[in-house]
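Report on the structure given below.
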Amino acid sequence: MERVILHCDLNSFYASVELLDHPELKDAPVAVCGDPESRHGIILAKNEGAKAFGVKTAETIWQARKKCPGLVLLPAHHEKYHRYSRLVNDVYERYTDLVEPFSIDESWLDVTGSLHLFRTDGKGLADRLRREVREALGLTISVGVSFNKIFAKMGSDYKKPDATTVITRENFQALLWPLPVDALIFVGAAAARTLSGYGIRTIGDLARFDRAALITILGKQGAVLHDYAVGTECAPVIPAGELPPPKSVGNGLTFPKNLLGWEELGAGVALLSDEVAARLRRLDMKCGTVQITVRDPAFHDISRQKGLEIPTYLAREITGAALELLRQSWNPRSPVRALTVTAQNLLPAGEAVEQLDLLSPQSAPRREKVERLERAVDGIRGKYGKDAILSARLKKPPSP
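Okay, so the sequence shown: first residue is 5 according to the numbering used here, each after it adds one.
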């Protein structure tokens, strides 16, 4: 039986949730942002009105306002986004028990086994879901319908907002192959540049390229991308409760302006480490290794990692390890285009037992106190927004 997979993507999710409390701004250009007074005040999300002015995610607030002087800025409330994400997935689960979240605002649904219960086809069910989410929660979704997960995801991206796109075995070449190769999921900027050197500029070029040659060029990823392009990908939809735990948690950012000097580099590392630590705490996991990846303006990358004496989910310890790696491997006079901080060697927090330091017997209680403090900060940020409490490290990191 041909599978029927839906990919549901909430439109302008953060901005749409904020506008539920500000209906008077429905027709205004709106963006959700970090601290407007901080160098790290960046655009986290924007609505269709802001998109029309060219406002982009991850650019600074001043850049966005230069494009759109009338841009309305709203603070982020991450607890609300997680709550609405759960509510939307509850709607999906009325139609199938095979719901796999891909991110906070995206999910795959395998409706192959339940479609007959609703006496409709994939498109009909997608339209029904769109209507139900809109009426019940005031949010809109775009839905891709296809025979595999990758094409369903590309279908939800194909037309926005509040649209259904059906991609079949008969039409996928006409719809998808003319698109630029970086429109294919998991083809990043570096892979696109490499493929361009071989004349591969569209998804169709990739599909027609020799699969064995792609493996030579990109390794195993070459085979994966070729399967995606020709429609032979067949991974199952795995419900959230059955997904394996993550092997790593990372956070990276390409900065609108190159970072230079220890103050800016330290602030960037602290910003990324703070989010990595918060995600680890949400997963109730600790890391035994910290890795940094640094990219310069010429797109040259270096990666360094170090093991930790004690597994942690504390922002200050992840920041400290990342800064130590950076100071050992980078000249602060060299500009940095992008940074990534990754927590590796993860294990459940309950299994991460601290060895008692005989020279400092108070270390374990002190660590527990700091852990309770950072979890309390998580709660405040969840209720009042990510920028409700900022560490001093995010404002001005210590100089080496």
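Yeah, the Cβ is synthetic: ideal placement off N, Cα and C, and Gly gets one too.
Fair warning: this is a prediction, and the values are worked out from it, not measured in the lab.
Item	Value
Whole-angstrom C-beta distance between Leu14 and Val147, which should lie under 8 Å	With 8 Å as the limit, Val147 and Leu14 do not qualify as a contact, their Cβ atoms being about 11 Å apart.
Residue range of the unbroken beta strand (DSSP E) whose run includes Glu110	110–114
Under 8 Å between C-beta atoms of Phe155 and Ile145	no
C-beta neighbour in chain D for Leu287, strict 8 Å	You won't find chain D in this structure, because it holds only one protein chain.
Nearest-angstrom Cα separation, counted from Arg87 out to Glu97	15 Å
Given Phe190 as reference, the closest of Leu229, Glu355, Ala217, Gly208 once Cα atoms are compared	Leu229
Where Trp66 falls, given that 16 or more other Cβ within 10 Å makes a residue buried	exposed
Residues that Val36 bridges to, as DSSP identifies them	Ala49, Leu78
Among Leu143, Ala130, Phe57, the one whose alpha carbon lies nearest that of Glu22	Leu143
For Met5, three-class secondary structure by DSSP	coil
Cβ-Cβ separation, Ala326 to Val294 (assumed contact under 8 Å), whole Å	6 Å
Euclidean distance between Cα positions of Leu48 and Val36	5 Å
Reduced DSSP secondary structure (H/G/I, E/B, other) of Lys60	coil
Other residues of its chain near Arg320: CB distance less than 6 Å, five sequence neighbours each side excluded	none
Residues near Ile204 in its chain [Cβ-Cβ closer than 8 Å; skip 5 each side]	Val185, Leu210, Phe213
Three-way DSSP call (helix, strand, coil) for Gly142 in this model	coil
Limits of the unbroken beta strand (DSSP E) element including Ser307	305–316
Within 8 Å, strictly: CB atoms of Leu257 and Pro336	no
Backbone secondary structure at Ile296 - three-state DSSP	strand
Pairwise C-alpha distance: Asp305 and Asn349	22 Å
Residue burial classification, Lys251 (beta-carbon count within 10 angstroms, cutoff 16)	exposed
Span separating the alpha-carbon of Asp31 from that of Ser150	33 Å
CB of Val273 within 8 Å of CB of Asp300, strictly	no
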